[in-house]
Every structure is written in structure tokens, then in C-alpha cells.
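Student:
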Amino acid sequence: MVNKYTHIHLYPHITFMANMSSLLALMNESSSRFSLKSRDPSLHFEIESFHEPASHGEPPPRGCKEDRNGRSGLYVTWEDLWVTVSNGRDGSKPILQGLSGYVRPGELMAVMGPSGCGKSTLLDSLAGRLSSNTRKMGNILINGQKQALAYGTSAYVTQEETLVTTLTIREAVHYAAQLQLPASMSKAEKVSRADETIREMGLQEAMDTVIGSSWGPTGKGLSSGQKRRVSICLETLTHPKLLFLDEPTSGLDSAASYYVMKRIAGLNHKKDGIQRTIMASIHQPSKEVFQLFDSLCLLSGGKAVYFGPASTAAEFFASAGFPCPILQSPSDHFLKTINKDFAMGDDAEENLEVSVEEAIGALARSYKSSKYYRETLQQVAEIHKQGLEGVGWLKAEKRSKPSFWTQCSVLTRRSSVNMYRDRGYYWFRLAIHMGIALSMGTIYYDIGYAYESIQARGSLIMFISAFLTYMSVGSFPSFVEDMKVFMRERLNGHYGTGAFVVGNVVSSMPYLLLLTVAPGAAIYYLPGMHGGAGSFLYFLSLLFANMVAMEGLMMVVASVVPNFLMGIIVGSGVQGVMILGAGIFRLPKDIPKPFWKYPTYYIALHRYAYQGLCRNEFEGMSFEVPINGGIGQGNMVVDGEQVLRHYLQIEEGYSKWDNLWILIGMALFYRLLFFAIIKFNEAVRPGVVALMAAKPRQAKQVMESPA
């Protein structure tokens, strides 16, 4: 049966079609330099400076390729690279199968293929970012040697836009410059570097525009293409020699995609003379974007279908029996030929899935027997040889980071600005707290000192200690966004975990203090609670410590459950369990011992807040209790100590100051626990997961040779 991929008997016509396709592509390449126009003024640049692809046929020069300043560029090679992912009981699944390739300084390499073919996995493998449930085999070398890259030498731009959306472009890049650039640079030099980077990405006209988001308080802000270029700015401040970009054109239209990729390709034509090694995964580039690529790695099902110069890919497909139709974009033709995702659709031809499988197999076999594969192995071997001989190869120079205290200072200032501008972080909570405080103050207004006020005071304190801190879950969405920004910056080595924790803690303190003082004053004085200035200051101190401790607990939950919807649910559930076991709704002597008394009662924040506030309120007070209903029999005086001991069952072994110090200790403990969880996820968890995922059967699969 003949299908649309059966071209072997058409070779007399294939040569003519391939030549016509090449001629038209050349004509279109010349005309396309003058055909694109953008409605975004920030994207204007001289079209005449079109990026010419680098030559690929010649071997790399002896020694390391150097930039104009005599500094070495970075050659990246990978040989027989296998990556498998653990599927639990189902064993392991291969994601990458025996890939080999290289990318040289001054080149832009595109990794193309249908969804799920392994593009992002290849980038993650080369950048050392594989997840903990994957296993890698093969050689990945830098300049022919196994070496760790120094800070600032490489950068990775992720597919997701994880930005501080309340900042302007200028602020975001300036803060990033202060975090990344070395302490040896002056502040003026860092500002100059930041402004230069913004101009390189064509964002100078929008420097003072808020980044924004579709859900945030600042509105939409920048376009998708502008946000993508901001992400690139943040990672190119240190002038990295090795740049990874995961789907840099995802979600962009064809014009925006072209200009973003044009800016990326233009990084190798800057006046600094640095020859950058750039790798980008891209799903479906336009013809204009495809012409920007120097080399192409085409994947399907984790296997290499083609690796070599981008300009000769169409020639390879034609020689393998799959010529590009006239007037069709080569990249569209490549992906259509090797994409089997929609082969079983309603519009698919009969037996098309089999035909696509056969096409992929034929292309893979043709590539393995082609000159491109032999040249790839030859280039890899040559680079390895020079790396072993040490001829002219220089390791990346060491670059210093800003000091720990500088990082803390910058992160504190950036976080403070974000919290101030993000209404959902603390301002909305302040409005809710004030509403609750005024409601409580009016419903318990002037409760007096009669016997009936004992129950009213106890209920008021119960509500303060249990429910006023419950609104801490309201900051989950904003805090989860902060965690995403931290993870991106942490993976690129911008700063350490300790600096992030310190910056977050310090910047949040003024807002938590405001959440304490303003509602606390209304709650304390409207009902007429007991005591003078000393009792009021203790009341605010304990309420503030409780706020800080609860905020720390919610940070711990957020570090374990990063999804903010799940975080709100889990955080609310944790607080609910603590409130039930805190001796508020049931007296401490009546709490069931399993789980509720041990350990919930002793670890619940609300217990110490409730008992501290009760002691602050009832100690030194006395209440008149009518005898026999108060009909001519006089009154009996009951002091506050009796109320604490018998009515509320407040433990006698803890003074009100003990409860305050316990809450302060818990606040510190939860912040340290938050730090420890992040460090565990970085250092320990990947090894544990990898160890648990390692099984003899899986290891055998990894060692098998490719089919």
C-alpha cells in the first residue's frame, strides 16, 4: 500500500523539488529581511543587521575559541546521552535515547520536536536540572572536560514567567543587578549594566511600566513578549557565556516570536565581544525564526532525527525521501513529518499512524548512516581530545557574589516594595482585621466588671486568640508567587536560602506590627478590657508574637504544599485542628488524651495565646457575685485567680510571660523549620527519591543499547 510518505520511487522528481525549494527559500530569506514590521515601538531595530548563520562544516579551531578580550568560550558536548524517568511499579521510561551532539561559542542551537519529545529534558540534562526521579547516563562535558561552571558563567531562562509582578522593568532589573553582580562593581556600574541590558532587549520605552499579571492587583501590565524579554534580561546581567532557554516563544504570536529570538541571536553580536553558547528549545518556529538558528537538533520520541546545520536540514529530509513541499515552511514540514500525536484523528488518512512511525524510523536510520552523524561524532571527539590535551582550554573564570548582608538588604527592600504594592498581601487582611476588630469591639462594648462579664471576657479572648490570626491563610497566593520567584533565582544561583528567609522575615515585620496595633487597640479599649498601659503593651506583644508565629507556620505549609489552593486548604485545616486542641472549646482536663491532649494541646499556638491573654486580663481583677440571686443577701467577691484556676482551668505552671516567650520561640522555630525544609528539598530529597527509584530492573533498562 502506498501512503504519503512513500517517496522512494519518486527520486527523479525529488531532486527537482528540493532544488526549487532551496531556491525559493533563498529568495524568501532575502525578502524576509524587509517584510516584518512590529506595532511595538520597543521592538524596532535595524533589519539590515541580519544574523548570518555560522559555518558548520569546518572543525573547531585548535584550542578554545576566544572572544575579543581573549577570554575563552564554552564548548558543550554530550555523547550517548540516556535519560530515564521512574514510573514507580511500571519501571522506568526512556525520555532521551543515545543522543550525541555539541554546540560551540557564538552559535544559537535550536532543539525542535513535537510535544513530549524530550526538548526540555535535553536542556535540563545539559544544565544539570533534572528532577530527582530521573536517571542520566552518558557524557556531558564543558570544553572537553567534566567541570562545574562558576557562578555567572551560565544562565537558564525557564518557560514560565516567574517575575515580581508589582515591580517596573527598571526596578526588577536593577534589583537583580544588585543581587547578581559582584561587590567589586560600584552601584553606578551596576545601574549602567542593568540599563544596558534593558536596551539590548528593546525595552527602554517601557522601563517604568509595571510588569503586572492577569490576576494580580496591578493589572495586566506588559505583553507576553515583553515579559519574556524581561526574563531574559534578568538572566543575562552577568554576561553568561552559556545560555539555556526553554520555549522562549511559547504563547507569542509570530511577530513577537521573531523579535524575541532576534534579540537572543543578537547577544552574540554585542560590543562586549563575548562569544555566547546559546541553546533554545522551541516548538514550532516560523520561517523567519528558523533562519536565525545556526544548528538544529531535531527530536522525536527521545531519539535524534537530525543534528547538524539548520541550513542543511531540508537537504537531509529530501535525501531521506521526505522533501519539503514548495512554499511550505521547512520547520512546519519537519514537525508534520515526525509528529504522531494526531495521527489517529478524524481527518487522518488510513494507516497514517503506521506511516508516521515508519517516517520517524526511516529518518532516524538515515541520520545514523549520514555524513551529519559522522561529522557530529568527529566534532565531539575533536573537542574531547583538545580538552584532554589542555590545548588553549581555559576554565571559566571565578566571579564573586555580593555579600550575604548585601543580598539580605536587597531582598528586604524588594520584598517590602512588593508587599506594599500587592494589596492582597497585607492591606486586604488589614481591612478584614479592622472590620472584625470593630465588630468585636461593638458587640462586647463596655462589658463592665459584673459577674456576667467573666463569660463575656472569656469569649472575647477566645475569639481574639483563635480567629484573629486565622486570616494568615489570606496571604498564601502572594507568598506562593514569592516562592516561585525564589526557586527560579535560587536555581540560577542568584542568592542563598538564608538571605531569602531573612529578607522575607524582616520585610514582613512592619506589616504584621500594623496588623497587630490597629485592630488590637480597637479590640482592647472598646470593650473596656482590664489594666493600664502595661497590660495593653503585653496584649499587643503577645498578639504580635502570635501573628509572627502563625505566619511562620503558614510559610512551612507553603514550602511543603506549593500550590496556593491546596495550601489554603491545608493551612486552614492545620489551624482548625490546633484551635480544637488548644483547650479553648473544651476545658484542658476534659480533652481526650490520644492525639488531642498529646501532642496537639502542647504544640498548638492558640493555647499559649489564649492562656497568656487570660492571665493578662484576669490577674488582679475581682468580680461581685450575687448571693441567692442578690435579693437582700449582699454580694460575694470572686478574684481573678479563682476564675483562672476553676472556671477557665488555666495551667498554674505558666505565667503570662512564659506564654509570651513560648510564642516567640515558636515563631523562631517555624522560620528555622521553613529554612530547613527548603535546604532539605535542595540537598537531601533528590538523593532520597533517586535511591528509592533505583531498582535492578530499571538499572538494566538504562544500560540497554538503543534499538
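Anchor point for the sequence shown: position 688 equals 688 in full-length UniProt numbering, and the numbering is continuous, going up by one each time.
For every residue, glycine included, the Cβ atom is placed at its ideal position computed from N, Cα and C.
Quantities reported herein were computed from a predicted structural model and do not represent experimental measurements.
(1) With C-beta atoms as the reference, is R199 less than 7 Å away from A177?
(2) Grab the span of the alpha helix (DSSP H) containing I464 for me, first residue to last.
(3) Using the beta-carbon count (16 or more within 10 Å), is R374 buried or exposed?
(4) Could you check what DSSP says for E619 in three-state terms: helix, strand or coil?
(5) Are the CB atoms of Y425 and M419 within a distance shorter than 7 Å?
(6) Ignoring anything shorter than 4 residues, give me the alpha helix (DSSP H) runs that lie fully in the stretch 358-419, in order along the chain.
(7) DSSP three-state call for C324: helix, strand or coil?
(8) Using the DSSP secondary-structure output, state which residues sit across from M279 in a beta bridge.
(9) With 16 as the cutoff for other CB atoms within 10 Å, does T337 come out buried or exposed?
(10) Below 7 Å between beta carbons: does that hold for L514 and M547?
(11) Determine, for G251, whether the minimum Cβ-Cβ distance to residues of chain B falls below 7 Å.
(12) Would DSSP call V305 helix, strand or coil?
(13) So, using beta-carbon positions, are Y75 and N492 closer together than 7 Å?
(14) Anyone know if the C-beta pair for T77 and L141 falls short of 7 Å?
(15) Look at the alpha carbon of R421 and the alpha carbon of F467, and state the distance between them as a whole number of angstroms.
(16) By alpha-carbon positions, which one of L543, E205, K303 ends up nearest to residue 709?
(17) When DSSP labels each residue in this structure, what does C297 get in the three-state scheme?
(18) Could you pull out every unbroken beta strand (DSSP E) segment of at least 3 residues lying fully inside the stretch 83-171, listed in chain order?
(19) Looking at G138: is its Cβ nearer than 7 Å to the Cβ of T376?
(20) Going by C-alpha distance, which of E160, V501, R645 is nearest R488?
(21) Could you check if V643 is buried or exposed, using at least 16 other CB atoms within 10 Å of its CB as the buried criterion?
(22) H494: which of V103, L99, T238 sits nearest, CA to CA?
(23) Between T197 and T168, how many whole angstroms is the CB-CB distance? I'm expecting something under 8 Å.
(24) Taking C-beta to C-beta, are residue 720 and I662 nearer than 7 Å?
(25) Do the stretch 578-588 and the stretch 614-624 touch if we need at least three Cβ pairs shorter than 8 Å?
(26) Considering only their Cβ atoms, is the gap separating T121 from D246 smaller than 7 Å?
(27) Thinking C-alpha only, which one of L292, E481, I454, P594 is nearest R263?
(28) Looking at the structure shown, is E196 part of a helix, part of a strand, or coil, going by DSSP?
(29) When the Cα atoms are used, what is the spatial distance from S223 to Y258?
(30) Put L81 into one of helix, strand or coil per three-state DSSP.
(31) Going by C-alpha to C-alpha distance, which of A676, A450, W405, G573 sits closest to H530?
(32) Would you decide whether N143 is buried or exposed? Buried here means 16 or more other CB atoms lie within 10 Å of its CB.
(33) Spatial neighbours of residue 753 within its chain, please: CB distance less than 6 Å, with the 5 preceding and 5 following residues excluded, ordered by chain position.
(34) Alpha carbons only, please: which of Q386, P325, G498 is nearest the one belonging to T406?
(35) Helix or strand or just coil, what does DSSP make of F585?
(36) What residues in its chain sit with their C-beta under 7 Å from that of S400, if we drop five residues either side in the sequence?
Tutor: Straight from the coordinates:
(1) Contact flag unset, no.
(2) For I464, the uninterrupted alpha helix (DSSP H) run begins and ends at 452-467, by DSSP.
(3) Its Cβ having fewer than 16 others within 10 Å, R374 is exposed.
(4) Coil, per DSSP.
(5) Against a cut-off of 7 Å, the Cβ pair of Y425 and M419 comes out as a contact.
(6) Every unbroken stretch of the alpha helix (DSSP H) spanning 4 or more residues and falling wholly within the stretch 358-419 is given here in chain order: 371-389.
(7) In the three-state DSSP reduction, C324 falls in the coil class, being neither helix nor strand.
(8) M109, F244.
(9) Buried is the call here.
(10) With a cutoff of 7 Å on beta-carbon distance, L514 and M547 are scored as not near each other.
(11) Chain labels in this structure do not include chain B; a single protein chain is all it has.
(12) Per DSSP, reduced to three states, the secondary structure at V305 is strand.
(13) Their beta carbons are not under 7 Å apart, which means Y75 does not touch N492 by this criterion.
(14) L141 sits close to T77, with the two beta carbons spaced by under 7 Å.
(15) Using only the alpha carbons, I get a separation of about 26 Å.
(16) Residue 709 lies beyond the range of the chain shown here (1 to 707); nothing can be said about it.
(17) Three-state DSSP puts C297 in a strand.
(18) If we require 3 residues or more, the beta strand (DSSP E) runs fully inside the stretch 83-171 come out as 92-103, 108-112, 134-142, 154-157.
(19) Going by beta carbons, G138 and T376 fall outside the 7 Å limit.
(20) Ranking the options by Cα distance to R488, first place goes to E160.
(21) By the beta-carbon neighbour count (other beta carbons within 10 angstroms, threshold 16), V643 is buried.
(22) That would be T238, whose Cα lies nearest to the Cα of H494.
(23) About 15 Å separates the two Cβ atoms, so there is no contact after all.
(24) For the chain, the structure presents residues 1 to 707; residue 720 sits outside this window and is missing.
(25) With a cut-off of 8 Å, the stretch 614-624 and the stretch 578-588 do not count as touching, because too few Cβ pairs lie within range.
(26) Going by C-beta atoms, D246 is not nearer than 7 Å to T121.
(27) Selected option, being the one with the closest Cα: L292.
(28) Helix, per DSSP.
(29) Rounded to whole angstroms, S223 to Y258 spans 15 Å at the Cα level.
(30) In the three-state reduction of the DSSP assignment, L81 falls in the strand class, which pools E and B.
(31) Closest by alpha carbon: A450.
(32) When all chains shown are included, N143 counts as buried.
(33) Given a span of 1 to 707 for the chain in the structure shown, any question on residue 753 remains unanswerable.
(34) The residue from Q386, P325, G498 with its alpha-carbon nearest to that of T406 is G498.
(35) Three-state result, F585: coil.
(36) Cβ within range, chain order: P182, A183, S184.
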